[in-house]
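Per my numbering, the sequence shown starts with residue 1, numbered consecutively. Here a beta-carbon is modelled for each residue, glycine too, at the ideal position from N, C-alpha and C.
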Amino acid sequence: MPLWPVYTGAPAPHDGIAKLPPPPPWRAFDGHPVLDPPDEDDEALAASPDRAHRAATYQASEHTVQLVNAALYLRRPLLVTGPPGTGKSSLAYAVARELRLGPVLRWNITSRSTLHDGLYTYDPLSRLYAARHATERPDDPAAGTGIENHLRLGPLGTALLPYVRPRALLIDEIDKSDLDLPNDLLHVLEEGQYEIPELVRASRDTSDGRAEVLIDGTDQRVPVERGRVRCKAFPFVVLTSNGEREFPPAFLRRCVSLRLRQPDDDHLTEIVRAHLGEPDGYAQKLIDRFLSRVGSGELATDQLLNAIYLARSSGLGADSLDELAERLMPYLGRSPQPDAF
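Here's what the structure looks like:
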């Protein structure tokens, strides 16, 4: 049975990740595998029903399937570029759902985001308050003054824990970051490891150097030895970009690059069918109108889905549907035209 592809774009989840071959020698990591993969239902991959629905209905092109598998085999981040509404972030949820990688870890990037934000957060003020509380009430077990009680791993820091199976990490809109973040990510993503200096210092005062810290998005605690984290299975990392900036060549060399384009007629019909069922005559009319305007960059696929859904659920007769579409123009497009929806 051929190993390729692991990710197929199929609607049903499967355990194909288990047949992923060993990594290239230069991408093998040796973190001690003490962590089991998250035991979650498939629909728990998303924090909202919207993300779960998009994961289940995502329609991957053959080109997308090939490059996702390349990233999985090579243990490299997947840099996904394309205009808004082409399914860049949905791809991460679709792959995690099909390959049962557990809940997607999501890091939303802003101009103020730093590497530290993605790895972990530490609140020294809460530790100071805990120390004061411990002095006033020494018998209160809630007065935890250890550093680990005031530290939580971020989405990137959690993804690099030594899981037996890879976690899925979405680093969304990396092009909105400041100029330094892509380069700062290089070392961590290349080496698959990082240190938490606060825990490194604290480990010198303990016999085993072990700390139990909270992970991103849950109240689960995981062990960290001597303040150092090294992955076992390199995570499936998706970085999305709207193409608003250039990235350093060194960063691009370490990524598998995928550019998503607006879907053509057949692909768009498959997307509508997956979300809303078989397109009727009026839905096909809206698809044709969408394709005639999509080159302007004013419309995204989710706007087409909104138009079809509202037209179907309005209860209006066929003669009134065009009037409804005209009324939807301010909602569906930034610069409505007379021949728009």
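### Bridge-paired residues (DSSP) for residue 164
Residue 164 pairs with nothing; no bridge assigned.
### Message
Can you tell me whether residue 177 is helix, strand or coil according to DSSP?
### Response
Reduced to three states, the DSSP call for residue 177 is coil.
### Task
Could you check which residue in 310, 269, 209 and 215 has the C-alpha nearest to that of residue 35?
Of the listed residues, the one whose Cα sits closest to residue 35 is 215.
### Test item: CB-CB of residue 155 and residue 232 under 7 Å
no
### Message
Can you tell me which residues form a DSSP beta bridge with residue 77?
### Response
Its beta-bridge partners do not exist; DSSP assigns none.
### Task
Pull up the distance between the alpha-carbon of residue 259 and that of residue 172, whole angstroms please.
Their backbone Cα atoms lie some 15 Å apart in a straight line.
### Query
Per DSSP, which one or two residues make a beta bridge with residue 211?
224
### Nearest to residue 96 (by Cα), restricted to the options 190, 274, 169 and 234
169
#### Entry: Other residues of its chain near residue 165: CB distance less than 7 Å, five sequence neighbours each side excluded
17, 37, 101 and 233
### Query
Does the Cβ of residue 244 have 16 or more other Cβ atoms within 10 Å, making it buried, or fewer, making it exposed?
exposed
### Query
How many angstroms separate the CA atom of residue 301 from the CA atom of residue 178?
The alpha-carbon atoms of residue 301 and residue 178 are separated by roughly 29 Å.
### Query
Nearest CA to the CA of residue 306: which residue from 293, 292 and 286?
The option with the nearest alpha carbon to residue 306 is 286.
### Task
Could you check the C-alpha separation between residue 118 and residue 283 for me, to the nearest Å?
42 Å
#### Entry: Range covered by the beta strand (DSSP E) that runs through residue 306
Premise fails: residue 306 lies in the alpha helix (DSSP H), 301-313, not in any beta strand (DSSP E).
### Task
Could you name the residues that DSSP lists as bridge partners for residue 195?
228
### Query
Any idea if residue 246 is buried or exposed, counting beta-carbon neighbours within 10 angstroms, 16 or more meaning buried?
When all chains shown are included, residue 246 counts as exposed.
### Task
Enumerate in chain order the residues of its own chain whose CB-to-CB distance from residue 152 is below 6 Å, with the five nearest sequence positions on each side excluded.
121 and 214
### Query
If you pair each beta-carbon of the stretch 190-200 with each one of the stretch 220-227, do three or more pairs fall below 8 Å?
The answer is yes - the stretch 220-227 touches the stretch 190-200, with three or more Cβ pairs under 8 Å.
### Task
Confirm, please, whether the CB-CB distance from residue 65 to residue 240 is below 7 Å.
no
### Query
Among 191, 269 and 280, which residue has its Cα nearest to the Cα of residue 30?
Selected option, being the one with the closest Cα: 191.
### Query
So, helix, strand or coil for residue 241, using DSSP?
strand
### Query
Using DSSP with H/G/I as helix, E/B as strand and the rest coil, what is residue 113?
In this structure, residue 113 counts as coil in the three-state DSSP scheme.
### Task
Could you have a look at residue 286 and say whether DSSP puts it in helix, strand or coil?
helix
#### Entry: Limits of the alpha helix (DSSP H) - the one that residue 273 falls within
265-276
#### Entry: Cβ pair count under 8 Å reaching 3, the stretch 4-18 against the stretch 69-76
yes
### Query
Can you tell me the Cα-Cα spacing of residue 4 and residue 236, whole angstroms?
Each residue's Cα considered, the two are about 16 Å apart.
### Message
I'd like the list of long-range same chain contacts for residue 185, defined as Cβ closer than 7 Å, with 5 residues on each side in sequence excluded.
### Response
115
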